């Protein structure tokens, strides 16, 4: 039994159809070749995504991060926490490290750590693992007093409150640097400035003495050479 004649295409139509298929196949292959990506590209993007997520890990999620930042043990007293905070903040203060992003970031972490550990109620929440970011953002001046300690004088409290004024930057509490310095390090910074001026003055005096000594030696050498030459000339002229 022969197939119906309409089921077969003429030879010239079949050749044209095959030509179109080949052209489309070549174009598709070229496009795929242009769009082909190295397999490591996906790995790099995944790695970057993972690192960016890890960079955003909040410090209050860790049970020891704040203690590690201030370099104190979890059993440290409020007084020890305060002392460690003053020491660390003075070392990494941006005014002492101008232009250092690392010091600025470190100081921000130190400030956040003391915001929590310097406040008894926030510290308890942190130790229990229930501290939230909103607790940190809404915190005022950390209380460094033990429960049985006496309240500070009103003027002293006002000074501390001015020194501990916060502003919100990037979700982290930051200090009013000028007020902080005036409240805690004003006298120490003044002594350091006076010491630097004294050292500079002494260096200038030593430099003047060195120049004076050098000029004196040059003069002595010049006088000696002149006298020597005069003596040689006198001897040569006195000979018959």
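Numbering (the UniProt record's numbering), first residue to last: 1 to 240.
Every residue, glycine too, gets a C-beta built ideally from N, C-alpha and C.
Since we're looking at a predicted model, the values are computed, not measured.
Rounded to the nearest whole angstrom, the C-alpha separation of residue 85 and residue 103 is 15 Å.
Just so you know, the alpha carbons of residue 93 and residue 111 end up roughly 10 Å apart.
Taking each of 129, 114 and 130 in turn and checking the Cα distance to residue 139, the smallest one comes out for 114. By the C-beta density criterion, residue 81 is buried, having at least 16 other C-beta atoms within 10 angstroms. Of the other Cβ atoms in all chains shown, 16 or more fall within 10 Å of the Cβ of residue 136; this residue is therefore buried.
Where residue 127 is concerned, the enclosing alpha helix (DSSP H) starts and stops at 120-128. Contact check for residue 66 against residue 116 passes: the beta carbons are separated by less than 7 Å. Looking at the backbone, the Cα of residue 69 and that of residue 83 are separated by about 13 Å. Bounds of the alpha helix (DSSP H) holding residue 106 are 101-117. Residue 109 counts as buried, since no fewer than 16 other beta carbons sit within 10 angstroms of its beta carbon. In this structure, the alpha-carbon of residue 130 lies about 11 Å from that of residue 62. Counting along the chain, no alpha helix (DSSP H) covers residue 138, and no H or E run does either.
Between the alpha carbons of residue 73 and residue 91 lies a gap of roughly 20 Å.
Short of 8 Å from the beta carbon of residue 122, and not among the five residues preceding or following it, lie these beta carbons of its own chain, in chain order: 115, 116, 131, 135, 136, 139 and 142. In the displayed model, residue 222 falls within a helix according to three-state DSSP.
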